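J.: Starting off with a structure, shown below.
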Amino acid sequence: MADDLKHTTGEATFLDANEIVLNMGPQHPATHGVLRVILKLDGEKIIGTECVIGYLHRGVEKIGENRTYVQFNPYVDRLDYVASVSNGLGYCEAVEKLLSVTAPPRAQTVRVILTELNRIASHLIWLGTHALDIGAMTPLFYTFNQREDILKIYENYCGARLTTHAFRIGGLQYDLYQGFEQQVKKFCDEMPAKVDEYEQLLTTNRIWVARTQGVGVLTAEDAIEFGVTGPMLRAAGVKWDIRKAIPYENYADFEFDIPTGKNGDTYDRYLVRMEEMRQARRIIQQAVDRIPDGPIMAKVPKVVKPPAGEVYHSIEAPKGELGYFIVSDGGLQPYRLRIRPPSFVNLQALDRMVRGSLVADVVAVIGTIDIVLGEVDR
Amino acid sequence: MAEEKKPDPTVPPSAPPKPAAAAPPKPAAQPWDDELARRVRERFRSAIKDSLTYLGQNYFVVDAASITSICGYLKHEEEFNYLVDVTAVDYPKREKRFELVYILYSFPRNTRVRVKASIAENEPIDSVTPVWQTANWLEREVYDMFGIRFAGHPDLKRILLPDGWQGHPLRKDYSILKQDEQWVQENLHIESGQ
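This is the structure:
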């Protein structure tokens, strides 16, 4: 048996008698959509994985080249469909940068509020589904319930709950509805007790701790090497957040901390995301108290035709660095529109995180990467 | 370039392009000349064709043959330890059709820089996977979408499209309505995916 163990450390290139190949997905409840992972196992130990993706590929980048800048705006909501507001923010800002336009202060503050609410909503989905994957069913009901409050704010604001198309190039289309501030404040007031409740269910729960601590470890060096960003990078101990490093909108005006972890394991990523929700609430509370008056739309020509040139702009989406690289030839449509999705790049580290662990850990690690296949496959 | 922008038949014509309002003077890329740009230019001399800046974003235009050594230098000597993205742009009318774009970020410096290199059709370019592991999937996607071959890539195969698919959709000569009919009929058992 001791001899066999060497297969578990080296990179096996062929199957020997002890190795089996197990297919997981694309139709599998724990793969969060249509992700297929081919696992190479020695007993129950993973000695290699291969991700097969693309089942949800819709050619969004090609569509972008065939729509005008304004027409393409709603498409980005369909990338990371649980964080559509963030996607829209990144796209609008990238085009604004190309146009050398800045959204007016009122629009910026509203954008920050809605985007941070979106971060909370996205993390709530992650928490509910991640816990469900590991066997804790209760948090799912609580988190979806709380997320409903956020979706109601979106619905009141722009009429849509999921694919909101909340922002426009240059600012906002709709001004705030009456009662927006109160509704947001009420959400913020109720939130800490609820997050504490989730923590009560999980943080010291022996099963949760056993299933997450030391599972799917990604060191800071590996995280940087793999281009991993967002909560996964911070849980490895790298204090880096685009909202602080390269501030956009008016994030520089708000006080908030960047939570970090130490061990880069699934448990630390859980703690980091829980704290991020609280920090997002802090930003919202500061912002909602001082929404400036004024216009909500910058002066943007009716026909958006950025001058020829190219720009890369990225934001801190709930899952990591979401970037847009747009090449304009001076025409009505982008000449090339590249979306740098955080989920796609983060998913690449899956192999590094699960090698040598057990099949059940793959489920935990897929949950902790927090992928949305709409964004991975585009 | 202009002929690529045919109106899409499936989209109702949006606001007809009116004569542009008195536009401000057109911005253009300016030469980029700071210590980093100078160091890199001195080190690689003719391999650095240009260093420019546009909208506050800096980029090098480099010779495709030395892409790995330039990227290796930027990572190891200049601390650009995070490869944000690898992508390509297709300019069918240029002599060297594809322009590869590498977006780098440095955690210690908190700066981004882009590296661009042009290659002709069917001309391979060295993979940067030995420099950053991230490049693996990113280069696979570029191969999938543009058909650009990366020499030395450990596992160069399609990533988003199915393995047997013919054609590379993000090339400009691949129309938005085009698809691999044969693949669709054989694998999905339907006449057309449209």
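Just so you know, the sequences run in chain order V and X.
When the first sequence is numbered by the working numbering, its final residue is 377 and no position is left out of the sequence of numbers.
When the second sequence is numbered by the working numbering, its final residue is 220 and no position is left out of the sequence of numbers.
Here a beta-carbon is modelled for each residue, glycine too, at the ideal position from N, C-alpha and C.
From a predicted model like this one, the values you see are computed outputs, not experimental measurements.
Assuming phenylalanine 225 of chain V contacts glutamine 347 of chain V under a Cβ cut-off of 8 Å, what Cβ separation, rounded to an integer in Å, is found between them?
T.: For the purposes of this step, residue 225 of chain V is taken as the residue at position 226 of the first sequence. For the purposes of this step, residue 347 of chain V is taken as the residue at position 348 of the first sequence. Their Cβ separation, rounded to whole angstroms, is 6 Å, which keeps phenylalanine 225 of chain V and glutamine 347 of chain V in contact under 8 Å.
J.: I'd like to know whether the C-beta of lysine 61 of chain V is nearer than 8 Å to at least one C-beta of chain X.
T.: On the first sequence, residue 61 of chain V is found 62 positions in, with the first residue counted as 1. Yes, lysine 61 of chain V lies at the interface with chain X (some Cβ there is under 8 Å from its Cβ).
J.: In this structure, what does DSSP give as the bridge partners for glutamate 218 of chain X?
T.: Looking up residue 218 of chain X in the second sequence gives position 192. For the sequence presented, residue 218 of chain X should be read as serine rather than glutamate. In the DSSP output, where bridge partners are listed per residue, serine 218 of chain X has none listed.
J.: Quick one: using the 10 Å Cβ neighbour count with 16 as the cut-off for buried, is proline 118 of chain X buried or exposed?
T.: Taking the second sequence and counting its residues from 1, one reaches residue 118 of chain X at position 92. With fewer than 16 Cβ atoms within 10 Å of its Cβ, proline 118 of chain X is classed as exposed.
J.: Whose C-beta lies closer than 8 Å to the C-beta of threonine 211 of chain V among residues of the same chain, with five residues either side of it excluded?
T.: As a first step, residue 211 of chain V must be located in the first sequence, where it is residue number 212. Same-chain partners within the cutoff: Ile133, Asp264, Thr265, Tyr266, Tyr269, Ala363, Thr367.
J.: Kindly list, in the order they appear in chain V, the residues whose Cβ is closer than 9 Å to that of aspartate 60 of chain X.
T.: Here residue 60 of chain X refers to the residue found at position 34 of the second sequence. None at all; the shortest Cβ gap to chain V is about 18 Å.
J.: Quick check on glutamine 145 of chain V: buried or exposed, where buried means 16 or more other Cβ atoms within 10 Å of its Cβ?
T.: Walking along the first sequence from the start, residue 145 of chain V turns up at place 146. Buried, since its Cβ has 16 or more Cβ neighbours within 10 Å.
J.: Counting C-beta neighbours from all protein chains within 10 Å, is the total for arginine 64 of chain X 16 or more, i.e. buried, or is it exposed?
T.: Here residue 64 of chain X refers to the residue found at position 38 when the second sequence is read from its first residue. So arginine 64 of chain X counts as exposed.
J.: By DSSP, does tyrosine 80 of chain X sit in helix, in strand, or in coil?
T.: To locate residue 80 of chain X, count along the second sequence from 1; it is residue 54. Reduced to three states, the DSSP call for tyrosine 80 of chain X is strand.
J.: Would you report the Cα separation of leucine 126 of chain X and alanine 143 of chain X, rounded to the nearest angstrom?
T.: Residue 126 of chain X sits at position 100 when you count from the first residue of the second sequence. Residue 143 of chain X sits at position 117 when you count from the first residue of the second sequence. When rounded, the distance between both Cα atoms is 5 Å.
J.: Which bits of chain X does valine 299 of chain V rub up against, with CB to CB less than 9 Å?
T.: In the first sequence, the residue the question calls residue 299 of chain V occupies position 300. What valine 299 of chain V touches in chain X: nothing, since even the nearest Cβ is about 11 Å away.
J.: Any chance the segment 41-58 of chain V sits against the segment 180-195 of chain X, with 3 or more Cβ pairs inside 8 Å?
T.: Taking 8 Å as the limit for Cβ pairs, the verdict is that the segment 180-195 of chain X does touch the segment 41-58 of chain V.
J.: Return the first residue and the last residue of the alpha helix (DSSP H) that arginine 277 of chain V is part of.
T.: Counting from 1 along the first sequence, the entry for residue 277 of chain V is found at position 278. Start and end: 265-288.
J.: Using the three-state DSSP reduction, which class does alanine 47 of chain X fall into: helix, strand or coil?
T.: Counting from one through the second sequence, the residue named residue 47 of chain X turns up at place 21. Confidence at alanine 47 of chain X is low in this model, with a pLDDT of 48, below 50, so its placement is unreliable and no value can be given for it.
J.: Please report the Cβ distance between leucine 98 of chain V and isoleucine 295 of chain V, rounded to the nearest whole angstrom; I am assuming they are in contact, meaning their Cβ atoms lie under 8 Å.
T.: Taking the first sequence and counting its residues from 1, the one referred to as residue 98 of chain V is at position 99. Taking the first sequence and counting its residues from 1, the one referred to as residue 295 of chain V is at position 296. Between isoleucine 295 of chain V and leucine 98 of chain V the Cβ distance is about 17 Å, and since that is not below 8 Å, they are no contact.
J.: Can you tell me where the beta strand (DSSP E) holding valine 112 of chain X begins and where it ends?
T.: Within the second sequence, numbered from 1, the residue matching residue 112 of chain X stands at position 86. Element bounds for valine 112 of chain X: 108-116.
J.: Checking contacts by CB at 8 Å: is glycine 308 of chain V closer than that to chain X?
T.: Indexing the first sequence from 1 puts residue 308 of chain V at position 309. Closer than 8 Å: yes.
J.: In chain V, which residues lie with their C-beta within 7 Å of the C-beta of asparagine 107 of chain X?
T.: Here residue 107 of chain X is taken as the residue at index 81 of the second sequence, counted from 1. Ile223, listed in chain order.
J.: Spell out a yes or no on whether the segment 322-334 of chain V and the segment 66-73 of chain V are touching, meaning 3 or more CB-CB pairs, one atom from each, closer than 8 Å.
T.: Contact holds: three or more Cβ-Cβ distances are below 8 Å.
J.: Under 8 Å by Cβ, that's how I've got glutamine 83 of chain X and valine 310 of chain V pegged, so tell me the actual separation to the nearest angstrom.
T.: As a working note, residue 83 of chain X is residue 57 in the second sequence. As a working note, residue 310 of chain V is residue 311 in the first sequence. With 8 Å as the limit, glutamine 83 of chain X and valine 310 of chain V qualify as a contact, their Cβ atoms being about 6 Å apart.
J.: In chain order, what residues of the segment 67-83 of chain V put their CB closer than 8 Å to some CB of chain X?
T.: Here the close residues are Thr67, Val69, Gln70.
J.: From the beta carbon of leucine 81 of chain X, is the nearest beta carbon of chain V less than 8 Å away?
T.: The residue given as residue 81 of chain X occupies position 55 in the second sequence. Chain V contact via Cβ: present.
J.: Determine, using beta carbons only, whether leucine 100 of chain X comes closer than 8 Å to chain V.
T.: For the purposes of this step, residue 100 of chain X is taken as residue 74 along the second sequence, with counting starting at 1. Chain V, which has no Cβ nearer than 8 Å to the Cβ of leucine 100 of chain X, makes this no.
J.: What's the call for threonine 140 of chain V, buried or exposed, on a 16-neighbour Cβ count within 10 Å?
T.: Looking up residue 140 of chain V in the first sequence gives position 141. The identity of residue 140 of chain V in the sequence shown is phenylalanine, whereas the question assumes threonine. Under this definition phenylalanine 140 of chain V is an exposed residue.
J.: Per DSSP, what kind of secondary structure is glycine 373 of chain V in: helix, strand or coil?
T.: For the purposes of this step, residue 373 of chain V is identified with residue 374 of the first sequence, where counting begins at 1. Looking at glycine 373 of chain V - three-state DSSP - the assignment turns out to be helix.
J.: For tyrosine 335 of chain V, go through chain X and note every residue whose CB falls closer than 7 Å to its CB, in chain order.
T.: Counting from one through the first sequence, the residue named residue 335 of chain V turns up at place 336. The amino acid at residue 335 of chain V is misidentified as tyrosine; the sequence shows arginine. Chain X residues near arginine 335 of chain V: Val115.
J.: Can you look up glutamate 309 of chain V in the DSSP assignment and give me helix, strand or coil?
T.: In the first sequence, the residue the question calls residue 309 of chain V occupies position 310. Strand, per DSSP.
J.: Excluding the 5 residues preceding and the 5 following arginine 77 of chain V in the sequence, name in chain order all residues of the same chain whose CB lies nearer than 8 Å to its CB.
T.: Along the first sequence, one-based indexing puts residue 77 of chain V at 78. Taken in chain order, the residues that qualify are Arg57, Val59, Ser83, Thr162, Gly373.
J.: Check whether the Cβ atoms of isoleucine 379 of chain V and arginine 105 of chain V sit closer than 8 Å, and answer yes or no.
T.: The first residue shown for chain V is 0 and the last is 377, placing residue 379 of chain V beyond what the model contains.
J.: DSSP three-state call for isoleucine 19 of chain V: helix, strand or coil?
T.: For the purposes of this step, residue 19 of chain V is taken as the residue at position 20 of the first sequence. Isoleucine 19 of chain V falls in the strand class under three-state DSSP.
J.: Do you know offhand how far leucine 232 of chain V's Cα is from asparagine 107 of chain X's?
T.: Residue mapping note: residue 232 of chain V aligns to position 233 of the first sequence, counting from 1. Residue mapping note: residue 107 of chain X aligns to position 81 of the second sequence, counting from 1. Cα to Cα, leucine 232 of chain V sits roughly 14 Å from asparagine 107 of chain X.
J.: Within the 8 Å Cβ cut-off, does valine 66 of chain X reach chain V?
T.: In the second sequence, counting from the first residue as 1, residue 66 of chain X sits at position 40. For valine 66 of chain X, the answer is no, since every Cβ of chain V falls outside 8 Å of its Cβ.
J.: Are there 16 or more other CB atoms within 10 angstroms of the CB of lysine 301 of chain V, so buried, or fewer, so exposed?
T.: As a working note, residue 301 of chain V is residue 302 in the first sequence. Flag for lysine 301 of chain V reads exposed.
J.: Taking Cβ-Cβ distances below 9 Å as the criterion, which residues of the segment 181-207 of chain V are in contact with chain X?
T.: Answer set for the segment 181-207 of chain V: empty.
J.: With distance defined between alpha-carbon atoms, name the residue in X:Leu187, X:Pro156, X:Leu62, X:Asp116 nearest to arginine 135 of chain X.
T.: Against the second sequence, residue 135 of chain X aligns to sequence position 109. Comparing Cα positions, the closest option is X:Leu62.
J.: Give the straight-line distance between the Cα atoms of valine 210 of chain X and aspartate 189 of chain X, rounded to the nearest whole angstrom.
T.: Your numbering for residue 210 of chain X matches position 184 in the second sequence. Your numbering for residue 189 of chain X matches position 163 in the second sequence. Those two C-alpha atoms are separated by around 12 Å.
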